[in-house]
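Below is one structure; the comments refer to it alone.
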Amino acid sequence: CTSIVAQDVGGTLYHARNLDFGLFMGWDTKNHTWLIAEYLHPLVVNLDFTRNGTTVYKTVNFAGYIGVLTGMKPGVFSLTLNERFNVNGGYIGLIEWILGYRKAHWTSFLTRDALEKSNSYEEAVDMLSNTEILAPVYYIVGGSKPGQGAIITRDRQSLTNMYSMAPDKGMWYVLETNYDNWTDPPFFDDRRTPGKKCLSGVGNKKVDFQTIYDVLSTKPVLNQLTTYTALMQVNKGTLETYIRHCPHPCWAW
Amino acid sequence: TCQDVPPYTEDCQHGMYPSKARSTGVPPTFKINLDLDPQIRWNEVMKHKGANVKAMIDQVKKLISDVSPQLVDLVNKYLPEIIEKLPAPYDAEILGISKATGIEDGEILLFNIFYEVFTM
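Heads up: the protein sequence lines correspond to chains R and P, in order.
Sequential numbering of the first sequence, starting at -19, is according to this note's numbering.
Sequential numbering of the second sequence, starting at 887, is according to this note's numbering.
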């Protein structure tokens, strides 16, 4: 996955992501694609969660999946969830949960709870930072006001690191793939360098849906695992989703 | 600059939005009415996408079965026990999706724990 929160010179925030999934889950030798990624394409849906006839939050889901990996509370905040690979991974949390230790929250249920219950960017960041969870993940959160953008790096039990944007210091965006932002990504899966290069090339004077979509359309940020691209603007309550296809030659992840 | 050997990289793209050059389209939008009983609030989505969900889960079961056919039996034997321990409304929503699609509830849960498990 690749998630971006970027701020333009006027202080407007944009939150976008590529959702990549299906690594090592079957290779289609005929079409040279990942089988599960292909099966996920037709499952992509935009959802509008309503109460009393009013939208409470919007998400992009795979039909049948009830947690939230991409979502937005219009006018309040947006969030995305990226996988974080770790030996102390989700399978351990899951085993603990099955054995009866149920204090930890499921990572994608917590995001849905945040969309349901949090009424500000700060509340969402606090909830996603300090709630015990089953698996290590990255929560990427964007707000409605200038400077509200952060990558929350989570262990199962605690907050590992918080990296926030600082537009007044020239840090007008945050970009997260699937590796800790204080270490170099592995040479065989470096989507961070091309992503940052393309985004920096755009500059904050031109950042908008069009230019961020371009960044997320550049290989290998776009790759064989990419199922969809989502673009969110919280203040307007806009959520656009595009089902993706990566023409050959295209790296497998 | 472009790189033609793996991992393939290329020059930053421009003018892609909202072109269909690297997209196959936009997904449909559905309303999830939170005022409805959790067991039925996903029914409209499943009416349109149930067959696709089944196809995906069948493929996952095939992949698991290639590793060990017994694993599929374990999914259907033990995962349903987990569902009743999930917090509300997630327990009822999974049961509702299972009922709407005819897919075993353990298999719906299997799909929902992908992201937790694959961090390994």
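Positions of the beta carbon are idealized from the N, C-alpha and C atoms, including for glycine.
On the DSSP bridge assignment, give the partners of residue i in chain order.
i: residue 51 of chain R; result: R:39, R:59
i: residue 210 of chain R; result: R:-3, R:221
i: residue 29 of chain R; result: R:37, P:918
i: residue 151 of chain R; result: R:146
i: residue 117 of chain R; result: R:63, R:134
i: residue 233 of chain R; result: DSSP lists no partner for residue 233 of chain R.
i: residue 141 of chain R; result: R:133
i: residue 156 of chain R; result: R:-17
i: residue 7 of chain R; result: R:14
i: residue 24 of chain R; result: R:42
i: residue 85 of chain R; result: R:113
i: residue 122 of chain R; result: R:58, R:129
May I ask which residues mark the beginning and end of the alpha helix (DSSP H) holding residue i?
i: residue 969 of chain P; result: 955 to 969
i: residue 912 of chain P; result: Careful: residue 912 of chain P lies outside any alpha helix (DSSP H) and carries neither H nor E.
i: residue 107 of chain R; result: 101 to 110
i: residue 182 of chain R; result: 172 to 182
i: residue 190 of chain R; result: 189 to 196
i: residue 984 of chain P; result: 976 to 987
i: residue 77 of chain R; result: 70 to 78
i: residue 995 of chain P; result: 991 to 998
Need the endpoints of the beta strand (DSSP E) that residue i sits in, please.
i: residue 129 of chain R; result: 129 to 134
i: residue -16 of chain R; result: -18 to -13
Would you check if the distance between the CB atom of residue i and the CB atom of residue j is smaller than 9 angstroms?
i: residue 95 of chain R; j: residue 111 of chain R; result: no
i: residue 16 of chain R; j: residue -3 of chain R; result: no
i: residue 209 of chain R; j: residue 219 of chain R; result: no
i: residue 30 of chain R; j: residue 919 of chain P; result: yes
i: residue 104 of chain R; j: residue 121 of chain R; result: yes
i: residue 51 of chain R; j: residue 37 of chain R; result: yes
i: residue 205 of chain R; j: residue 14 of chain R; result: yes
i: residue 45 of chain R; j: residue 98 of chain R; result: no
i: residue 899 of chain P; j: residue 198 of chain R; result: yes
i: residue -12 of chain R; j: residue -6 of chain R; result: yes
i: residue 174 of chain R; j: residue 910 of chain P; result: no
i: residue 251 of chain R; j: residue 73 of chain R; result: A question about residue 251 of chain R goes unanswered here, because the residues of chain R that appear run from -19 up to 233.
i: residue 947 of chain P; j: residue 961 of chain P; result: yes
i: residue 229 of chain R; j: residue 908 of chain P; result: no
i: residue 61 of chain R; j: residue 1001 of chain P; result: yes
i: residue 901 of chain P; j: residue 936 of chain P; result: no
i: residue 159 of chain R; j: residue 169 of chain R; result: yes
i: residue 24 of chain R; j: residue 221 of chain R; result: yes
i: residue 135 of chain R; j: residue 903 of chain P; result: no
i: residue 200 of chain R; j: residue 162 of chain R; result: no
i: residue 958 of chain P; j: residue 969 of chain P; result: no
i: residue 915 of chain P; j: residue 68 of chain R; result: no
i: residue 997 of chain P; j: residue 932 of chain P; result: no
From the beta carbon of residue i, is the nearest beta carbon of chain C less than 9 angstroms away?
i: residue 137 of chain R; result: No chain C is part of this structure, whose protein chains are labelled R and P.
Practice task
Output, in sequence order along the chain, the residues in the region 104 to 118 of chain R whose CB is closer than 8 angstroms to any CB in chain P.
Solution key: 114, 115, 116, 117
Exercise for the section: Could you list the residues in the region 905 to 922 of chain P with a C-beta less than 7 angstroms from some C-beta on chain R, going in chain order? Expected result: 908, 909, 910, 911, 912, 913, 914, 915, 916, 917, 918, 919, 920, 921
Handout entry: Contact residues within the region 59 to 75 of chain R, judged by C-beta distance below 8 angstroms to chain P
Key = 61, 63, 64, 65, 66, 67, 69, 70, 71, 73, 74
Exercise for the section: Using a Cβ-Cβ cut-off of less than 8 angstroms, give me the residues of the region 12 to 33 of chain R that come near chain P, in sequence order. Expected result: 15, 16, 19, 20, 21, 22, 23, 24, 25, 26, 27, 28, 29, 30, 31, 32
Practice task
Closer than 8 angstroms, Cβ to Cβ, to anything on chain P: give me those residues from the region 196 to 216 of chain R, in chain order.
Solution key: 197, 198, 199, 200, 202, 208, 209
Problem - Chain-ordered residues of the region 149 to 180 of chain R with a beta carbon less than 8 angstroms from chain P - result: 168, 169, 170, 174, 177, 178
Handout entry: Residues of the region 949 to 964 of chain P whose Cβ lies closer than 7 angstroms to any Cβ of chain R, in chain order
Key = 949
Handout entry: Residues of the region 979 to 997 of chain P whose Cβ lies closer than 7 angstroms to any Cβ of chain R, in chain order
Key = 979, 980, 983, 994, 997
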